[in-house]
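Number of protein chains: 4
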Amino acid sequence: MTVRVGILGATGAVGQRLVELLAPHPQFEIAALTASESSADSAYRSVAKWRTGSPMPESVADMMVSPTEPVAVSDDVELLFSALPSSVASTVESAFCEAGYLVSSNSSNERMAEDVPLVIPEVNADHIELLEIQRDERGWDGALVKNPNCSTITFVPTLDALSAFGVERVHVATLQAVSGAGYDGVSSMEIIDNAIPHIGGEESKLESESRKLLGSFDGSSLSLDPVDVGASCNRIPTLDGHLENVWVETTESMTVDDVREAMERYPSLPLNSSPDPLIYVLDQPDRPQPRLDRNRGDGMAISVGGIRESTFGIQYNCLAHNTIRGAAGASVLNGELLLKEGYL
Amino acid sequence: MTVRVGILGATGAVGQRLVELLAPHPQFEIAALTASESSADSAYRSVAKWRTGSPMPESVADMMVSPTEPVAVSDDVELLFSALPSSVASTVESAFCEAGYLVSSNSSNERMAEDVPLVIPEVNADHIELLEIQRDERGWDGALVKNPNCSTITFVPTLDALSAFGVERVHVATLQAVSGAGYDGVSSMEIIDNAIPHIGGEESKLESESRKLLGSFDGSSLSLDPVDVGASCNRIPTLDGHLENVWVETTESMTVDDVREAMERYPSLPLNSSPDPLIYVLDQPDRPQPRLDRNRGDGMAISVGGIRESTFGIQYNCLAHNTIRGAAGASVLNGELLLKEGYL
Amino acid sequence: MTVRVGILGATGAVGQRLVELLAPHPQFEIAALTASESSADSAYRSVAKWRTGSPMPESVADMMVSPTEPVAVSDDVELLFSALPSSVASTVESAFCEAGYLVSSNSSNERMAEDVPLVIPEVNADHIELLEIQRDERGWDGALVKNPNCSTITFVPTLDALSAFGVERVHVATLQAVSGAGYDGVSSMEIIDNAIPHIGGEESKLESESRKLLGSFDGSSLSLDPVDVGASCNRIPTLDGHLENVWVETTESMTVDDVREAMERYPSLPLNSSPDPLIYVLDQPDRPQPRLDRNRGDGMAISVGGIRESTFGIQYNCLAHNTIRGAAGASVLNGELLLKEGYL
Amino acid sequence: MTVRVGILGATGAVGQRLVELLAPHPQFEIAALTASESSADSAYRSVAKWRTGSPMPESVADMMVSPTEPVAVSDDVELLFSALPSSVASTVESAFCEAGYLVSSNSSNERMAEDVPLVIPEVNADHIELLEIQRDERGWDGALVKNPNCSTITFVPTLDALSAFGVERVHVATLQAVSGAGYDGVSSMEIIDNAIPHIGGEESKLESESRKLLGSFDGSSLSLDPVDVGASCNRIPTLDGHLENVWVETTESMTVDDVREAMERYPSLPLNSSPDPLIYVLDQPDRPQPRLDRNRGDGMAISVGGIRESTFGIQYNCLAHNTIRGAAGASVLNGELLLKEGYL
């Protein structure tokens, strides 16, 4: 028995990744694809400019694309994955939730809302219970769950792995791939032989989302974690895979071995898309590297390397595939969590 | 009247940049070019695989290349610029100094030696007086002055500009261009669609060299500055220009305006290669960028942008051309300082 | 005495190159800048997102941008350089010509019209006399002259250099830089670690424009040259500089030396932007290369290398800077020709 | 029952690809790995700097590496795949053949020797019978079979598909990936924002090897095909996948549909690594593209697109993965042919 699911914004870069991940998924079956008005009522094959390295799954190629409205999506679809631009998502997602759909969304709107669970299942699966409060407050039959920003997802599990040492201060510098900005987000003239030390709004996302993800939920409200995170974000000429340099200062002292052990022991979850191990530690000092390590665990693992003692605490580098673990795969994983927890 | 100068290691990447800078220099005249045995006794034109965008200066094209030994260099050459690999430099530079030559070197050996001035003229010109002690201790007629590592040079002037605020803690993440590793240092298979979060020995250079550069010389000995610097170094697919993300914590509080003003007022020097302003502040948040800003001030200026309040102190980005301000131009500038201070 | 000139479409990529070339030009003075409605009536500084490596010329920074209409441009402007998109140019340029302006245009519309001179001054300056016929037929006080497509400009002068040998058949494969598609024309996701063997409409431009450029004008009509050109066009991850592989079959046999000599002797013109030599021949077999050779002659020279005997006739590679010699510089050069020939 | 095989030159780029392809191969079992003296007598894990995106196969990681000499390889190894540099291969391969081993080699030496079969199984499997003549003439118990150069392999099957039309003249321009030069073959400084219109010796390989591959073997000698091929070879900043622009002139006229049909019908072979279809025709005019199409058929298919009528005959673009179909996979396929034809 598979759950019938839909993809909101199925023709864009993250939407295509969702199609790739969901077409062969053992628990989900793609039953609806939506896009903007201009693409609606056409076959997916004809409106999705398919750009991944693998061929378009035959099972969706001839599916008709619907407009992104609740009335256009069949009632027997239970779960929607949203890859909408946040400007559109902020109104449309609510409409779907009100109409009774569960929405697992990658869009940035409402991530910090008090009654919206922001979830990386391996880190804070228990936050999903915020949905009860959300339904009460909003009067929804459906519900809305969010995954964080791609660059937040990359380093937060590594912080959580070190929680026993009392993480107090974190500096993180990101080297982010161009796919994070969408297919047409970064022009070649901007980035070839170049780097851009600014991604609008990104640094504050890392700083605030990490506090929510590491926060604790007592059944009635969520307390933010007091960790101080300072981020500096850069775009570099890499296609996929966000690489991050992290310095961590903790209340308890840690050795390099402590960190390696904590990372390696960090648990995976019994969800279809959660890789085992979740955090893969590399001993070579020059790893992880985007091209060599982004596909580990089918793009869902986090690679860590270069763990070393630093002028300030411990320093390491981490990496994840930004459009799989950091976007489409993150939403799918949240859908799997909803299924496991009985919301479907 | 020009000073006759020579270039040790004239055929490599930094050696070629030295040729470019010195050929039209108003104070210096290239009178000797040296290279390894295999290239010696040939015309420069035939052994230097010239790779810069501009044509090889005609004045050096037919000059004979000498082996890198004091006996092979004419006595009327007074100043040598060294672009030797540090493995070679550690023995050869001493031999030239002992033979009476002044050597302005870009190589990493002896940078931290107590009696060797490590100098960025705009930052610590007074350290040049260490040469008196060096000559006494080593019994040299010549003398050895060093410039720092390319990634150190990029951010240390910005720290010095903030010295009035009491710089205590600095985190710096670097995004370094491939030219920093020499012409054949980074293969295309390593770096296209990739980034490498490790450059051997680089992080400790930033951490220690900055303490020496910012240290104080009382006429008899040099005290290291107590600043704590933590560095994380990355190689990215950029040809020239090192971009750095910096977080600075100070004893006195600073505003964004304080930082901008301190940077803009930071003085240039009346030396031929010192640009005015030395530090160029950009207001756009997405600058500096390697390709757009590396050639500012003929590659000798430092560009700063993205000055912002941070979770921890103040945060900004800085950039310099790594083979000009960070290497060949740095050595030339030290040669100009030697001339101004009467060592020639 | 300088001629007052304007730039139609001054904010785009070619428009910015025109500003760069015209601001310091000894014969022209920028007196008008136009752009689309949305940018009109603002200072150039505030609407042109300036992206070249050099700073925006101070002389234009505070100039007000006009809408692209004849009534908005002062009557004392005599010559307009057009960098408009061809969709816009096809109606707007006529309106300016009718209103009495001379227009030197880079846009592709009307390039093949019988009464429009398509000119590379060094190749076919005499075609400019078509303007008499154009004015008669169209009843214009002004006049319209075109330069060819960037990839046509790169190889046609090399064919003209070989005209004495009777050029019959030409195969040309192009490796074109991303700047040819405009600043946002090629996304980084499309081209990093990739190449695209198609540029819409480009191949037929090379094939037809070369026949017109090499054709002869007898004072009353233009005869196309019978040369057969077959083109294959590719986009590659290069910023500037179109590299082309050329095979030429001629009626008279040629040696490699014949070709080198003909190229080297090909005359430059006494126009401000015509470099001497126009065609620069390199002996190294692996040249020209875009990054090393595109700036030769301030971006106006054509570099040729790898001249060799081929299975079919003679084979060589040529290169020119696509946004200077191939676009903005080509229009400026045609403006200089109009001035020299007394049209201004 | 699997055949025990060895890899000569197992630590280099092509050697690593051979390991990747042979480790899971159903017919072959890796029983020997050789390398140069300096790497011999160590575990493969410790001497092969493994650089592919996938992990090193566990089955070879602890295998001891032997020196590249017949005495060092066990007698029960029957087939050797050679990824040696041609300078080494020219002496070593003969020694192995004399010692009784069958060698399927990717090295360029002896490819044009009259008694050495140069084979792409789908094109000229019958040439394998040259081995009888080879053994007679050379007195070998073993035998030597070669696959062509990577850029030859990419386009020759497409010519063979058109053989019914009488292929007379072929122009081919190649856009080749950096991996074709080996891991350290092209430095990043040479190729970022650049292209190199020269690959030493490459053009003559395409021109001569295609005549041999398309030639006919009558049981006693091989006649070269009279086709005239003119090649122009370029290196571009792409990691994997050689893209080629082809113009074909034939004695019989062909339409675009004729060509598409001939390509699509071109037969695959019942060998493990021969993909079906061998030639994959894409209708979009901007395909094939290296990054999007190189992995088709597990890197063994040839992609063709942009079939169009040309000034001269028919024009199209083709692409293959240069280190799989063009090197390691080509050698494995020849090994499969040797097995099928009873040489093992």
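Protein chains in written order, with my numbering: chain A, 4 to 347; chain B, 4 to 347; chain C, 4 to 347; chain D, 4 to 347. Note that CB positions come from ideal geometry on N, CA and C, so glycine has one too.
Expected contact under 8 Å - CB spacing of residue i and residue j to nearest Å
i                : j                : result
Gly329 (chain C) : His245 (chain C) : 6 Å
Asn127 (chain C) : Ala331 (chain C) : Not quite, the Cβ-Cβ distance comes to about 20 Å (not below 8 Å), so this is no contact.
Leu11 (chain C)  : Ser111 (chain C) : 15 Å between Cβ atoms; not a contact.
Glu267 (chain D) : Pro280 (chain D) : 6 Å
Arg294 (chain A) : Asp196 (chain B) : 5 Å
Gly183 (chain D) : Cys153 (chain D) : 6 Å
Val148 (chain D) : Ser89 (chain D)  : About 15 Å separates the two Cβ atoms, so there is no contact after all.
Glu23 (chain D)  : Ser57 (chain D)  : 7 Å
Glu247 (chain B) : Val181 (chain B) : Going by Cβ atoms, the distance from Glu247 (chain B) to Val181 (chain B) rounds to 16 Å, so no, they are not a contact pair.
Pairwise C-alpha distance: residue j and residue i
i                : j                : result
Val230 (chain B) : Leu217 (chain A) : 32 Å
Thr94 (chain C)  : Met66 (chain C)  : 25 Å
Glu130 (chain A) : Val122 (chain A) : Note that residue 130 (chain A) is His in the sequence shown, not Glu. So the two alpha carbons sit approximately 7 Å from each other.
Arg20 (chain A)  : Glu32 (chain A)  : 15 Å
Glu61 (chain B)  : Arg290 (chain B) : 37 Å
Val159 (chain C) : Val284 (chain D) : 33 Å
Gln30 (chain A)  : Leu347 (chain A) : 11 Å
Glu212 (chain A) : Phe220 (chain A) : 15 Å
Phe171 (chain A) : His324 (chain D) : Reading off the sequence, residue 171 (chain A) comes out as Glu, not Phe. C-alpha separation (whole angstroms): 49 Å.
Ile194 (chain D) : Met4 (chain A)   : 53 Å
Glu72 (chain D)  : Val63 (chain B)  : 49 Å
Ala234 (chain D) : Ser207 (chain C) : 22 Å
Thr157 (chain B) : Thr241 (chain B) : 16 Å
Arg299 (chain C) : Ile327 (chain C) : 11 Å
Thr14 (chain D)  : Leu83 (chain D)  : 15 Å
Residue i, enclosing alpha helix (DSSP H) - first and last residue
i                : result
Gln292 (chain C) : Run containing Gln292 (chain C): none; DSSP gives neither H nor E here.
Leu162 (chain B) : Cys153 to Ala164
Tyr47 (chain A)  : Tyr47 to Val50
Asn127 (chain B) : Pro124 to Asn127
Phe99 (chain D)  : Ser89 to Glu101
Ala265 (chain C) : Val259 to Arg268
Ile131 (chain D) : From DSSP, Ile131 (chain D) is part of no alpha helix (DSSP H); its letter is neither H nor E.
Ala16 (chain B)  : Ala16 to Leu25
Ser62 (chain A)  : Glu61 to Ala64
Residue span of the beta strand (DSSP E) that contains residue i, given as start and end
i                : result
Asp231 (chain B) : Asp231 to Arg238
Glu193 (chain A) : Per DSSP, Glu193 (chain A) belongs to no beta strand (DSSP E); it is in the alpha helix (DSSP H), Ser191 to Ile194.
Tyr283 (chain C) : Ile282 to Val284
Ala304 (chain A) : Per DSSP, Ala304 (chain A) belongs to no beta strand (DSSP E) and is neither H nor E.
Asn320 (chain A) : Ile317 to Ala323
Local conformation of residue i per DSSP, three classes
i                : result
Glu337 (chain D) : Checking the sequence, you will find Asn at residue 337 (chain D) rather than Glu. Residue state, collapsed to three classes: helix.
Arg311 (chain D) : strand
Gly183 (chain D) : helix
Leu216 (chain C) : helix
Leu105 (chain C) : strand
Ala75 (chain A)  : helix
Arg54 (chain B)  : coil
Minimum Cβ-Cβ distance from residue i to chain G less than 8 Å
i                : result
Asn325 (chain B) : Protein chains in the displayed structure are A, B, C and D, and chain G is not among them.
*Pair every Cβ in the stretch 332–347 of chain A with every Cβ in the stretch 271–285 of chain A, then say whether three or more of these pairs are closer than 8 Å.*
Judged by Cβ distances under 8 Å, the stretch 332–347 of chain A makes contact with the stretch 271–285 of chain A, as three or more pairs qualify.
*Is the stretch 312–331 of chain D touching the stretch 244–259 of chain D in the sense that three or more CB pairs, one from each, lie closer than 8 Å?*
Between the stretch 244–259 of chain D and the stretch 312–331 of chain D there are three or more C-beta pairs closer than 8 Å, enough to call the two in contact.
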